[in-house]
Amino acid sequence: EAQVTQNPRYLITVTGKKLTVTCSQNMNHEYMSWYRQDPGLGLRQIYYSMNVEVTDKGDVPEGYKVSRKEKRNFPLILESPSPNQTSLYFCASSFGATRNEQFFGPGTRLTVL
Amino acid sequence: EDQVTQSPEALRLQEGESSSLNCSYTVSGLRGLFWYRQDPGKGPEFLFTLYSAGEEKEKERLKATLTKKESFLHITAPKPEDSATYLCAVQSGGSNYKLTFGKGTLLTVNP
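As you go down the protein sequences, you meet chains Z and B in turn. For the first sequence, our numbering assigns the number 3 to the initial residue and increments by one for each residue that follows. For the second sequence, our numbering assigns the number 2 to the initial residue and increments by one for each residue that follows.
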């Protein structure tokens, strides 16, 4: 089954404790992306990657890191999480940057205390 | 900076009552405009891509249209299962491939 998977689905952590949210897709997609969704602010892009070893900033990259060492995986790293990073996070992928019908993962609900 | 504004924020319809959702955008050269549907607690689901003014796409009761400044999502004879949040997103041209989403329209269709 074609899908985007994220882990964990739910996470409660404390300020400053480094964490990684994994994202994997099995569709051989080139373009992958991370979003956060907050009430009243909508869906905002954090980082995107057009292919292996190619990443670029979205609209809200501060406080986040990403890497793309393999085509299927695109982890989101929070080196020192803060309460304002409490949010619902989505990973998405698509065939390419110019054919950008994205498939979204199920989401990761993160709470930073 | 790309901007996307969706209206109304919320819309309540009776089953069978047709209506339209609006997505106004400002971009420096449109590469593509996308419509997604999002159910509560789930990731968005792709509906349509529109690339140039005058283009139209249809899927079941939904029809998306595009002008140089806005896009409409027309819903014909909606059913309760069409209830969801509908999101619009744009991707501008040039060397930047980021996507900008609007805040969405929450559609409720009552039986």
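Backbone N, C-alpha and C fix where the C-beta goes; we use that ideal spot for every residue, glycine too. In this text, all values refer to a predicted model and were calculated from it rather than measured experimentally.
Could you check if residue i belongs to the surroundings of the ligand NAP, using beta carbon to heavy atom distance under 7 Å?
i	result
GLY42 (chain Z)	The ligand NAP is absent from the structure shown, which contains no ligands of any kind.
Would you mind working out which of the options sits nearest residue i, comparing C-alpha positions?
i	options	result
LYS99 (chain B)	Z:LYS59, Z:PHE76, Z:GLY98, Z:THR88	Z:LYS59
LYS70 (chain B)	B:VAL110, B:ASN97, B:SER93	B:SER93
GLY105 (chain B)	B:TYR26, B:GLN15, B:GLU2	B:TYR26
TYR66 (chain Z)	Z:THR113, Z:ILE48, Z:GLU55, Z:ASN30	Z:ILE48
GLU2 (chain B)	B:ARG13, B:THR68, B:GLY30	B:GLY30
PRO112 (chain B)	B:ASN97, B:GLN15, B:THR50, B:PHE73	B:GLN15
PRO45 (chain B)	Z:ARG70, Z:THR100, Z:VAL6, Z:GLU72	Z:VAL6
GLN87 (chain Z)	Z:TRP36, Z:VAL114, Z:PRO63	Z:VAL114
ARG70 (chain Z)	Z:GLY44, Z:PHE92, Z:ASN102, Z:SER35	Z:SER35
LYS73 (chain Z)	Z:ASN30, Z:PHE106, Z:PHE105, Z:PRO83	Z:ASN30
Starting from the C-beta of residue i, find all residues in its chain whose C-beta is less than 8 Å away, skip the five residues before and the five after it, and write them out in chain order.
i	result
ARG62 (chain B)	ILE76, THR77, ALA78, PRO79, LYS80, ASP83
LEU45 (chain Z)	TYR37, ARG38, GLN39, PHE92
SER19 (chain B)	HIS75, ILE76, THR77, ALA78, PRO79
In chain order, what residues of the same chain lie with their CB nearer than 6 Å to the CB of residue i, ignoring the 5 residues before and after it?
i	result
LEU107 (chain B)	ALA11, THR86
LEU17 (chain B)	The question names Leu, yet the displayed sequence has Gly at residue 17 (chain B). The answer, listed in chain order, is ALA78.
ASN53 (chain Z)	GLU32
THR24 (chain Z)	ASN9, PRO77
GLU56 (chain Z)	Before going further, note that residue 56 (chain Z) is Val rather than Glu in the sequence given. Hits under 6 Å: none found.
PHE35 (chain B)	THR50, ALA90
ASP40 (chain B)	ALA85
GLY109 (chain Z)	LEU90, PHE92
TYR52 (chain B)	GLY33
Have a look at residue i and residue j and give me their C-alpha separation to the nearest angstrom.
i	j	result
SER2 (chain Z)	GLU32 (chain Z)	Chain Z is shown from 3 up to 115; residue 2 (chain Z) falls before or after that span and cannot be answered.
LYS43 (chain B)	ASP61 (chain Z)	22 Å
LEU80 (chain Z)	GLY55 (chain B)	43 Å
GLU59 (chain B)	ALA65 (chain B)	6 Å
ASN75 (chain Z)	GLN8 (chain Z)	10 Å
ASP40 (chain Z)	LEU90 (chain Z)	7 Å
LEU32 (chain B)	LEU48 (chain B)	Looking at the sequence shown, residue 32 (chain B) is not Leu but Arg. Taking the straight line from one Cα to the other gives about 17 Å.
ASN28 (chain Z)	SER21 (chain B)	35 Å
PRO85 (chain Z)	LEU112 (chain Z)	10 Å
PHE73 (chain B)	GLY42 (chain Z)	22 Å
GLN97 (chain Z)	ASN23 (chain B)	Strictly speaking, residue 97 (chain Z) in this sequence is Phe, with Gln absent from that position. Their backbone Cα atoms lie some 27 Å apart in a straight line.
SER96 (chain B)	ALA99 (chain Z)	10 Å
GLU3 (chain Z)	TYR37 (chain Z)	23 Å
TYR12 (chain Z)	ALA94 (chain Z)	17 Å
GLU57 (chain B)	SER8 (chain B)	19 Å
LEU21 (chain Z)	GLY103 (chain B)	29 Å
SER26 (chain Z)	ARG13 (chain B)	37 Å
THR109 (chain B)	ARG38 (chain B)	13 Å
GLU64 (chain Z)	PRO83 (chain Z)	11 Å
GLY107 (chain Z)	LEU88 (chain B)	16 Å
Since residue i is in the beta strand (DSSP E), which residue starts that stretch and which ends it?
i	result
GLN7 (chain B)	4-8
MET52 (chain Z)	44-53
SER96 (chain Z)	89-96
LYS58 (chain B)	57-60
HIS75 (chain B)	71-76
GLU46 (chain B)	46-51
LYS59 (chain Z)	56-59
ARG70 (chain Z)	Careful: ARG70 (chain Z) lies outside any beta strand (DSSP E) and carries neither H nor E.
ARG38 (chain B)	31-39
MET34 (chain Z)	33-40
Grab me the residues of residue i's own chain with a C-beta within less than 7 Å of its C-beta, minus the 5 sequence neighbours each way, in chain order.
i	result
THR68 (chain B)	ALA54
>> Under 8 Å, CB to CB, which of the residues in the segment 92-103 of chain B have a partner in chain Z?
In response: GLN92, ASN97, TYR98, LYS99, LEU100, THR101, PHE102, GLY103
> Of the residues that make up the segment 74-89 of chain Z, which ones have a beta carbon closer than 8 Å to any beta carbon in chain B?
Replying inline: none
> When you check each C-beta in the segment 19-45 of chain B against every C-beta of chain Z, which residues fall closer than 9 Å?
Replying inline: ARG32, GLY33, PHE35, TYR37, GLN39, GLY42, LYS43, GLY44, PRO45
> Between the segment 63-88 of chain B and chain Z, which residues of the former have CB atoms less than 8 Å from a CB of the latter, in chain order?
Replying inline: LEU88
> Of all the residues that make up the segment 50-72 of chain Z, which are near chain B by a beta-carbon distance shorter than 9 Å?
Replying inline: TYR50, MET52, ASP58, LYS59, GLY60, ASP61
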